[in-house]
Amino acid sequence: MRDQPGRAAGISHPLVAAMKILGLDIATSTGVCFLDTALPPNKWRCFAIEAEGEFGEEKAGDLAVCLNGEIKEFGPDFAAIEMPQRSVTRFEKKKRHDLGGDVAKEATINPNALQLHDLGGAVCAILDLVSIPWGLIAPGTWRSAYYGKGFKPTDDDWKQAAINRAVLQGIVLPKQLKAQRDAAESAGVASSWSRCTLIPRKHQQAFIDLRTGRKAA
Numbered sequence: 205m206r207d208q209p210g211r212a213a214g215i216s217h218p219l220v221a222a223m224k225i226l227g228l229d230i231a232t233s234t235g236v237c238f239l240d241t242a243l244p245p246n247k248w249r250c251f252a253i254e255a256e257g258e259f260g261e262e263k264a265g266d267l268a269v270c271l272n273g274e275i276k277e278f279g280p281d282f283a284a285i286e287m288p289q290r291s292v293t294r295f296e297k298k299k300r301h302d303l304g305g306d307v308a309k310e311a312t313i314n315p316n317a318l319q320l321h322d323l324g325g326a327v328c329a330i331l332d333l334v335s336i337p338w339g340l341i342a343p344g345t346w347r348s349a350y351y352g353k354g355f356k357p358t359d360d361d362w363k364q365a366a367i368n369r370a371v372l373q374g375i376v377l378p379k380q381l382k383a384q385r386d387a388a389e390s391a392g393v394a395s396s397w398s399r400c401t402l403i404p405r406k407h408q409q410a411f412i413d414l415r416t417g418r419k420a421a
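In terms of the working numbering, the sequence shown opens at residue 205 and continues consecutively.
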């Protein structure tokens, strides 16, 4: 399912008069924000792409194909990507396993978490193929930059906080709630691009030039 509403919104960066930033919250439902500082907030595009496929590599290929044309058309100066989780979190789940009613506990994981690196690698490869510099930004880093240091959302619901902030800015989000939650976070990632901390060596000079306002005309 591709939920791509019309154009959406954002804020400008103080150092560069006009800049195009791609923000990505990569998951099986990837939030995408095309931030253009030359346009008012209600002219940005902010949507979500649901990767289709039966296993991680197939979903990664689908996501790459969907993004390829979009990226070429938009022509971003830089892509900011939320850093995928570096470890898989184990969750404890109860399992009733006999007729006597005894309950055993076993560990499980979110299977979607295992696919994040497949998805992220496919996207980074597409960006490199079209010579778009990119960097990774940790969730805590972009949230601090976007909401302000010390901000804590109600009920620890960061996705709802992202929706609220997007609405405040005038950002147009998809109609479906799940797509809204992913798309809204990508706007935060895009807005915080200058706080990326993990940038490939080949892209570091381009990143520095953008941050210091020396973007090529």
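The beta-carbon is built from N, C-alpha and C at its ideal position, and this holds for glycine as well.
Worksheet item: Does the beta-carbon of E389 have 16 or more other beta-carbons within 10 angstroms, so that it is buried, or is it exposed?
Response: Here E389 is buried: its Cβ has 16 or more other Cβ atoms, across all protein chains shown, within 10 Å.
Discussion item. On the criterion of 16 or more Cβ atoms from any shown chain inside 10 Å, does L333 qualify as buried, or is it exposed?
Written reply: Result: exposed.
Practice prompt. Closer than 6 Å by C-beta to A366: which residues in its own chain qualify, once you throw out the five before and the five after it? Chain order, please.
Written response: Residues of the same chain with a CB within less than 6 Å of the CB of A366, apart from the 5 flanking positions on each side, are A388, E389 and G392 in chain order.
Practice prompt. Measuring alpha carbon to alpha carbon, tell me which of L381, C328 and P337 ends up nearest L414.
Written response: A check of alpha carbon separations from L414 across L381, C328 and P337 identifies P337 as the nearest.
Practice prompt. Evaluate A242 with the Cβ neighbour count: other Cβ atoms within 10 Å of its Cβ, from every protein chain shown; 16 or more gives buried, anything less gives exposed.
Written response: A242 comes out exposed.
Worksheet entry | Endpoints, the alpha helix (DSSP H) within which V269 is located | Note, V269: alpha helix (DSSP H), G260 to F278.
Discussion item. Quick check on A342: does DSSP put it in helix, strand or coil?
Written reply: Of the three classes helix, strand and coil, the one that applies to A342 here is coil, per DSSP.
Discussion item. By alpha-carbon positions, which one of S233, R418 and L323 ends up nearest to L381?
Written reply: Considering only S233, R418 and L323, the residue with the shortest C-alpha distance to L381 is S233.
Practice prompt. Work out the CA separation of F355 and A326 for me, nearest whole Å.
Written response: Spanning the two alpha carbons is a distance of roughly 33 Å.
Worksheet item: D266 and G257 look like a contact to me (Cβ under 8 Å); what is the Cβ gap, rounded to whole Å?
Response: Contact between D266 and G257 is confirmed by a C-beta separation of about 5 Å, below the 8 Å threshold.
Worksheet item: C237 bridges to which residues according to DSSP?
Response: Answer is G227 and C250, bridged to C237.
Worksheet item: If you drop the 5 nearest sequence neighbours on each side, which residues of the same chain put their C-beta closer than 8 Å to that of K424?
Response: Residue 424 cannot be examined here, being either before or after the span of the chain that is shown, 205 to 421.
Worksheet item: Where does Q409 land, buried or exposed, given buried means 16+ other C-beta within 10 angstroms?
Response: Counting every other CB atom within 10 Å of its CB across the protein chains shown gives Q409 a total below 16, marking it as exposed.
Fill in: Distance between A349 and F278 (C-alpha atoms, nearest Å)
Taking the Cα positions, F278 is about 25 Å away from A349.
Worksheet item: Beta-carbon separation of C250 and I375 under 7 Å?
Response: Taking C-beta atoms as the reference points, C250 and I375 count as a pair closer than 7 Å.
Practice prompt. Label A329 either buried or exposed according to how many other C-beta atoms from any shown protein chain fall within 10 Å of its C-beta, with 16 as the threshold for buried.
Written response: If you draw a 10 Å sphere on the C-beta of A329, you find fewer than 16 other C-beta atoms in it, and that means exposed.
Worksheet item: Short check: CB of I225 to CB of W346, under 7 Å?
Response: Against a cut-off of 7 Å, the Cβ pair of W346 and I225 comes out as no contact.
Worksheet entry | Environment of G235 [buried if 16+ CB atoms lie within 10 Å] | Answer is buried; the Cβ neighbour count reaches 16.
Practice prompt. Quick one: which unbroken alpha helix (DSSP H) runs of 4-plus residues sit fully inside the region 331-382? Chain order, please.
Written response: List check, alpha helix (DSSP H) in window: 343-351 and 362-373.
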